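Structure first, commentary second.
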Amino acid sequence: MDTGTPTGWEVAVLFGGPADGVRMWVAERPRTIQVTRPCELEAPPNGMRAEALHIYRRDLRVKSEPLRYGFDGASP
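No gaps in the numbering here: position 11 of the sequence shown is 48 in the numbering used here, and each next residue is one more.
See the structure below:
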């Protein structure tokens, strides 16, 4: 019976973009990882904030740890 609990964790490394070289643990080999980074705003009203969203896609050729995720500069 599938309980939705990850069966194992693996090491992944991000390549390129703003999170280049970051190592993390992932479960169930996600196809993408989203990384956010705060953006500075000039005189933001009432605590408004903005974040840049960066997408990293898993390199499907890598079959063992560390898994490799490459920066997708074309992602929105």
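All residues carry an ideal CB built from backbone N, CA and C; glycine is no exception. None of these values were measured; they are calculated from a predicted model.
Within 9 Å, strictly: CB atoms of ALA56 and PRO75: Within the sequence shown, the letter at position 19 stands for residue 56. Within the sequence shown, the letter at position 38 stands for residue 75. Cβ atoms of ALA56 and PRO75: not closer than 9 Å.
Local conformation of GLY107 per DSSP, three classes: Along the sequence shown, one-based indexing puts residue 107 at 70. Residue state, collapsed to three classes: strand.
Contacts around GLY54, its chain only, beta-carbon distance under 6 Å, and the 5 residues preceding and following it disregarded: Taking the first residue of the sequence shown as position 1, residue 54 is located at position 17. Same-chain partners within the cutoff: HIS91 and PHE108.
Between the CA atoms of ARG68 and TYR93 - distance to the nearest angstrom: Taking the first residue of the sequence shown as position 1, residue 93 is located at position 56. Taking the first residue of the sequence shown as position 1, residue 68 is located at position 31. Spanning the two alpha carbons is a distance of roughly 8 Å.
Between the CA atoms of LEU97 and VAL72 - distance to the nearest angstrom: As a working note, residue 72 is residue 35 in the sequence shown. As a working note, residue 97 is residue 60 in the sequence shown. So the alpha carbons of these two residues sit roughly 19 Å apart.
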